[in-house]
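Below is one structure, written out as structure tokens; comments come after it.
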Amino acid sequence: MPTLLLVRPENRQAADIALCTQYGWHALPFAPICIVPQTDECFRLPEKIAATQAIFWVSPTAVEIAATHCPLVTLGSLKTHIAVGKATATALHAIGISEIHYSAIGNDSEAALALPIWQTLPHGAPILLIRGQNGREMLPEKLRAQNFKVDYAEIYRREPKTLDWTSFQAAIPDAAWVTSSEMARELFVQVPPQISQKLKSLIYFTHHTRIADTLYALGAQKIYVIRQLLDMFTLFQAA
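This note's numbering applies: residue 8 is where the sequence shown begins, and numbers increase by one.
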């Protein structure tokens, strides 16, 4: 049975583990970063939502953490909700928000900026970005250049989590699924010297070219950019 290293947050691993089981793979959860809610920011979230006109959601994690600290009525069905991609839109649907603007062909800030909704919002409209600490600044900078008033609700932070490399050695992974550049960097920061070459030799799969570039810079040699994890199993079946 081949083994897939899951280099993504623990709260996002369940569906991937089920998919691995379905296709006859062993899943090895291997998150080098954990997600920690920012209690103070979560407490202020209802007030920030009340003061904004449109909300931009950066991830399913942002949606799930917000939903546990903020009643659905406070999230506001009358607000304009914009998601970074389909997975985030699905998370919003799951908490009862029905009208969501998102790109059907992309899952990053660049794709979200191309949405027509930005042309229909009033000039100078307040926009709230719900995200983790130290997120990318490209989108807020572009929105400010269009005269939107941008505020943040940084409701979680990422902290390094010590990895169990004995489980890596015992499983001898064949491939890895990596969902963020930050996860990739922390993975390679923690790798013991005697395992470094094995880590670099894995077949890597990711959903974004930016993450692929990070993996290349870290020394990975075989990297495939795919839309979703399901595509990886299709590739292996066709091989």
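The beta-carbon is built from N, C-alpha and C at its ideal position, and this holds for glycine as well. These numbers come from a predicted model, not from an experiment.
Of the residues the options, the one placed nearest residue i, counting alpha carbons only
i    : options                : result
R15  : V185, C49, P200        : V185
A183 : L146, F155, F240, P199 : F240
V43  : P53, R164, T95         : R164
E54  : V65, P78, I112, T95    : P78
E17  : L35, Y30, L26, H215    : L35
E71  : R234, A57, L122, G139  : G139
A178 : A25, I104, H33         : H33
V232 : H214, L225, I102, T97  : H214
T97  : G226, P200, V65, L122  : V65
S105 : T87, M190, N141, V91   : T87
R151 : D238, L209, H130, N141 : H130
Close beta carbons around residue i, own chain, < 8 Å, minus the five adjacent residues each side
i    : result
R51  : A160
I202 : W172, F175, Q176
Q153 : W125
R217 : D115, S188
Residue i vs residue j beta-carbon contact at 8 Å
i    : j    : result
I40  : E166 : yes
I124 : T59  : no
V157 : L136 : yes
K168 : A38  : yes
Q20  : I162 : no
H100 : I89  : no
A57  : A132 : no
I102 : A74  : yes
A121 : S110 : yes
R192 : L225 : yes
Close Cβ partners of residue i (< 6 Å) along its chain, the five nearest in sequence each way excluded
i    : result
D249 : This structure leaves residue 249 out entirely; the chain is present only between 8 and 246.
I230 : Y211, A219, L222
K205 : none
D181 : P9, T10
V198 : L206
C27  : L11, A34
P200 : none
With 16 other Cβ atoms within 10 Å as the buried cut-off, status of residue i
i    : result
E144 : exposed
L85  : exposed
N247 : Past the edges of the chain, shown from 8 to 246, lies residue 247, and the structure says nothing about it.
P67  : buried
E117 : exposed
A119 : buried
V196 : exposed
G92  : buried
Chain-order list of residues whose beta-carbon lies under 7 Å from that of residue i (same chain, five-residue window excluded)
i   : result
E48 : A160, E161, I162
V80 : Since pLDDT at V80 reaches only 46, below the 50 mark, its modelled position is unreliable, and the value read off the structure follows with that caveat. So the list is empty, once near-sequence residues are dropped.
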